[in-house]
Amino acid sequence: MNIEICAGNIEDVIIAEDFNIARIELNQGLSTGGLTPSYSLVKKALEISSKDIIVMLRPREGDFTYTTNEYEIMKNDAVTFLQMGVKGIVFGFLNRDRSIDIDKTKEFIQIANKYGKESVFHRAIDVSNNYHNNLILLKELGITRILTSGAEKTALQGISNIKLALENSIPIIVGCGVNKDNIDKFKKIGVKEIHGSFSKKISNEYKIDFGNYTILDRNVQRTIDFNSF
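Following this note's numbering, the numbering of the sequence shown begins with 1 at its first residue and continues without gaps.
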């Protein structure tokens with residue numbers, strides 16, 4: 001089983017070096033669901049990590065329907081990061097009715113293909129208007145992988161949808177709530193890749209709340225040790 005770690009800062013990237021994982025998905029702002037990391041973070045991660053790195057492209061929190069200006073920013077970031085040497089880009093585009101924005105999705109797949117890299121549609125799929133039909137659509141468009149929790153809040157709640165997706169040969173990676181206590185359930189239905197932050201919260205002690213952040217738990221090996229799968 002392949003493990004993808006969701007890293008939200010450079011310390012996560014450093015810690016991830018110690019583990020037997022397939023790749024790192026690099027983000028910032030994990031508390032908002034993940035945002036586009038800075039140029040300098042991507043550059044530093046590529047310099048110090050031996051792992052494959054894919055990069056989130058999401059310019060703001062909130063929905064997945066983007067303005068023309070937002071889309072141009074995302075596209076520029078995609079090209080920049082691919083030219084820097086990342087292994088792939090992660091994105092999700094929906095229309096106002098929560099259908100897949102086919103034009104934007106096709107263009108990003110083409111951008112990734114141009115550089116011989118991977119294209120990954122993130123959990124926007126889980127809030128799309130027709131989950132199973134949209135999985136098939138993304139497969140037909142040529143997406144490399146789709147990150148999903150089975151259209152539910154957690155992957156365990158969505159396990160029946162995940163099973164059906166696998167039966168339809170959809171290229172999925174499963175995320176949201178997968179851990180050492182439930183991993184066997186996913187293994188039994190044929191899941192080959194899982195995604196997670198495997199993190200712990202770091203709280204500040206300021207009088208004014210500037211938010212918290214998470215960092216990869218150094219005890220994560222208990223969860224991602226391949227021998228336990």
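We put the beta carbon where it would ideally sit given N, CA and C, even for glycine. Given the structure is predicted, the values throughout are model-derived calculations rather than measurements.
| message | Short of 6 Å in beta carbon distance, which residues of its chain neighbour A78, apart from the five on each side in sequence? Order them along the chain. | response | Position 78 of the sequence shown, counted from the first residue, corresponds to residue 78. Closer than 6 Å at the Cβ level, and outside the excluded window around A78, lie L57, I89, I111.
| query | When you compare only the Cα positions, how much space is there between G177 and N134? | reply | Locating residue 177 in the sequence shown gives position 177, where the first residue counts as 1. Locating residue 134 in the sequence shown gives position 134, where the first residue counts as 1. Near 23 Å, if we compare the C-alpha coordinates of N134 and G177.
| task | Pull up the CB-CB distance for E61 and T32, whole angstroms please, since I reckon it's below 8 Å. | result | Position 61 of the sequence shown, counting from 1, holds the residue named residue 61. Position 32 of the sequence shown, counting from 1, holds the residue named residue 32. Indeed they touch by this definition, with Cβ atoms about 4 Å apart.
| With respect to the beta strand (DSSP E) encompassing I54, which residues constitute its N-terminal and C-terminal limits? | In the sequence shown, the residue the question calls residue 54 occupies position 54. Note, I54: beta strand (DSSP E), 52-56.
| said: With a threshold of 8 Å between beta carbons, is L35 in contact with chain B? | reply: Included in the structure is just one protein chain, with no chain B present.
| query | On the premise that I15 lies in contact with L216, defined as a C-beta separation below 8 Å, what is that separation, rounded to the nearest angstrom? | reply | Position 216 of the sequence shown, counted from the start, is the residue given in the question as residue 216. Position 15 of the sequence shown, counted from the start, is the residue given in the question as residue 15. Rounded, the Cβ-Cβ distance is 4 Å, consistent with contact.
| request: Alpha carbon to alpha carbon, how far is T148 from E11? Give it in angstroms, no decimals. | output: Walking along the sequence shown from the start, residue 11 turns up at place 11. Walking along the sequence shown from the start, residue 148 turns up at place 148. Computed Cα separation, rounded: 26 Å.
| query | Is the segment 64-73 close to the segment 38-47, with three or more CB pairs under 8 Å? | reply | The segment 64-73 vs the segment 38-47: no contact.
| So which of G85, V86, F91 has the shortest CA-CA distance to K75? | Here residue 75 is taken as the residue at index 75 of the sequence shown, counted from 1. Minimum Cα distance to K75 is reached at F91.
| field | Minimum C-alpha distance to G116 - residue among R23, Q83, K192 | value | Position 116 of the sequence shown, counting from 1, holds the residue named residue 116. Considering only alpha carbons, the answer is Q83.
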